[in-house]
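Below: the structure, in structure tokens.
Protein chains in written order, with our numbering: chain A, 1 to 225; chain B, 1001 to 1225.
Set out below in structure tokens:
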């Protein structure tokens, strides 16, 4: 017997953690149709969401993605038509789950854990994206950034997410593939798990995650140990 | 006679706006000794400073630079020794001014404008960097992020900077080479000028600057018109 109680919930970031944004590249015109261009779009959108949360004027996440898309088209000397921009924004609802994700989620659920999503996408967009990827049914609830009205890593997003889902921070893991996201979750008392697939090396300035692994399967295994 | 009063102050961001961070590359070991690696270090440091301001646990800017340096060394398969990291952090105090900057600053002063600096570097680091670049004497004051204890674009940084310098926001221009920085300054009532040299195309989600130009000389000219 240990004195520490095990986790009851595992809460996931969505874009880049459960869903693979590299596929966005298939919806971008040349020369933006590479994996690094697709990931760059998402990074630039995340950056804008942090800036506007600091400035106190947050918009919808889709507007940041549209702005990033238009800027990159213009940098490539192209016309940022509404059609090209809309196609990219729509593609965010059509990303596949990373290969290992469905089985890893089932493994956690089979062990009795409850699953949820806390994402910077709007709730309706996230619901659509998870449905498209075929994993929506694994989660008891999805909380998007439209609920708190600000973006991660603002503490309000994690707090509102945990509250809506009915979890207790100290008995919930938050899983993300971004160091800034697990860092933000840790600051509000969540237990954290970092997926290293994309970033590979964690910045020293971020709080160490309790567990980490290359992908969601490795992280699920570590949470269950 | 116009009813609108002219500006009294021109306030500048420092790193990347007045001083050229591409020279940091000379202090980095291969394969990090490229201009894009140097700029990437600074961008990753800025990202951390925004994250920690949101999370509510800001550190000194130098710690973010150290963390970004160590991470990039490790990604390149190298040992992130204290010596290599310290060298990079120290190099931030030894950046030259962009070529056009001294004359452009003199031009603004000759027109009767008062000049100041509001930077995410600590005040003492910024003072050293401006002295090294030979332009400290153009400015009446320098306010670093250690004064408000948070980082731009948090509104407190611009407000405290303006207050310390004795300026009034509506009669001061804020000049920066980052769209997120002029966006943040605009939100607290400053007039803004964007230097397009590095970013080239402004994101649509950011507030339009009142004036813009390729470099500090073009921006100074536009402010004086």
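All C-beta atoms in this analysis are idealised placements derived from N, C-alpha and C, irrespective of residue type, glycine included.
Since we're looking at a predicted model, the values are computed, not measured.
One or two residues paired with residue i in a DSSP bridge
| i | result |
| --- | --- |
| residue 1211 of chain B | B/1193 |
| residue 1143 of chain B | B/1118 |
| residue 9 of chain A | A/114 and A/172 |
| residue 1019 of chain B | B/1015 and B/1097 |
Span separating the alpha-carbon of residue i from that of residue j
| i | j | result |
| --- | --- | --- |
| residue 1165 of chain B | residue 1034 of chain B | 37 Å |
| residue 145 of chain A | residue 123 of chain A | 7 Å |
| residue 1106 of chain B | residue 1114 of chain B | 10 Å |
| residue 46 of chain A | residue 64 of chain A | 8 Å |
| residue 1189 of chain B | residue 1205 of chain B | 17 Å |
| residue 86 of chain A | residue 100 of chain A | 30 Å |
| residue 1211 of chain B | residue 174 of chain A | 44 Å |
| residue 1207 of chain B | residue 1119 of chain B | 20 Å |
| residue 1055 of chain B | residue 54 of chain A | 10 Å |
| residue 1037 of chain B | residue 97 of chain A | 31 Å |
| residue 1076 of chain B | residue 1026 of chain B | 17 Å |
| residue 1066 of chain B | residue 1201 of chain B | 29 Å |
| residue 121 of chain A | residue 162 of chain A | 16 Å |
| residue 1227 of chain B | residue 1013 of chain B | What the structure shows of chain B is the stretch from 1001 to 1225, and residue 1227 of chain B is not part of that stretch, so it cannot be assessed. |
| residue 136 of chain A | residue 127 of chain A | 7 Å |
| residue 1048 of chain B | residue 216 of chain A | 24 Å |
| residue 1102 of chain B | residue 1050 of chain B | 30 Å |
| residue 1222 of chain B | residue 1203 of chain B | 21 Å |
| residue 1068 of chain B | residue 83 of chain A | 38 Å |
| residue 93 of chain A | residue 78 of chain A | 24 Å |
| residue 30 of chain A | residue 199 of chain A | 25 Å |
| residue 138 of chain A | residue 1139 of chain B | 59 Å |
| residue 218 of chain A | residue 1218 of chain B | 53 Å |
Beta carbon proximity, residue i to chain A, threshold 7 Å
| i | result |
| --- | --- |
| residue 1184 of chain B | yes |
| residue 1082 of chain B | no |
| residue 1035 of chain B | no |
| residue 1153 of chain B | yes |
| residue 1180 of chain B | yes |
| residue 1212 of chain B | no |
| residue 1156 of chain B | no |
| residue 1071 of chain B | yes |
| residue 1067 of chain B | yes |
| residue 1193 of chain B | no |
| residue 1218 of chain B | no |
Residue-chain proximity (residue i, chain B), Cβ-Cβ < 7 Å
| i | result |
| --- | --- |
| residue 201 of chain A | yes |
| residue 49 of chain A | no |
| residue 39 of chain A | no |
| residue 204 of chain A | yes |
| residue 63 of chain A | yes |
| residue 74 of chain A | yes |
| residue 54 of chain A | yes |
| residue 209 of chain A | no |
| residue 126 of chain A | no |
| residue 187 of chain A | yes |
Same chain, Cβ closer than 6 Å to residue i, five either side skipped, listed in chain order
| i | result |
| --- | --- |
| residue 1180 of chain B | 1153 |
| residue 1062 of chain B | 1089 |
| residue 1192 of chain B | 1174, 1182, 1185, 1186, 1209 and 1210 |
| residue 147 of chain A | 160 |
| residue 70 of chain A | 80 and 85 |
| residue 1176 of chain B | 1013, 1017 and 1182 |
| residue 178 of chain A | none |
| residue 965 of chain B | What is shown of chain B runs 1001 to 1225, which leaves residue 965 of chain B out entirely. |
Cβ shell of residue i (< 7 Å), same chain only, five flanking positions each side left out
| i | result |
| --- | --- |
| residue 234 of chain A | Outside the shown range of chain A (1 to 225) lies residue 234 of chain A, about which nothing can therefore be said. |
| residue 1171 of chain B | 1005, 1007, 1008 and 1009 |
| residue 220 of chain A | 104, 107 and 108 |
| residue 1091 of chain B | 1024 and 1027 |
| residue 52 of chain A | 58 and 59 |
| residue 150 of chain A | 53, 58, 156 and 157 |
| residue 1169 of chain B | 1162, 1188, 1189 and 1190 |
Spatial neighbours of residue i in its chain, beta-carbon cut-off 8 Å, leaving aside the 5 residues before and after
| i | result |
| --- | --- |
| residue 1214 of chain B | 1195, 1196 and 1197 |
| residue 1095 of chain B | 1015, 1019, 1020, 1021, 1023, 1024, 1129, 1132 and 1133 |
| residue 1043 of chain B | none |
Supposed close pair residue i, residue j - CB separation, criterion 8 Å
| i | j | result |
| --- | --- | --- |
| residue 1024 of chain B | residue 1041 of chain B | 7 Å |
| residue 1143 of chain B | residue 1125 of chain B | No, residue 1143 of chain B and residue 1125 of chain B are not in contact; Cβ-Cβ is about 12 Å, not under 8 Å. |
| residue 73 of chain A | residue 32 of chain A | 7 Å |
| residue 11 of chain A | residue 167 of chain A | 7 Å |
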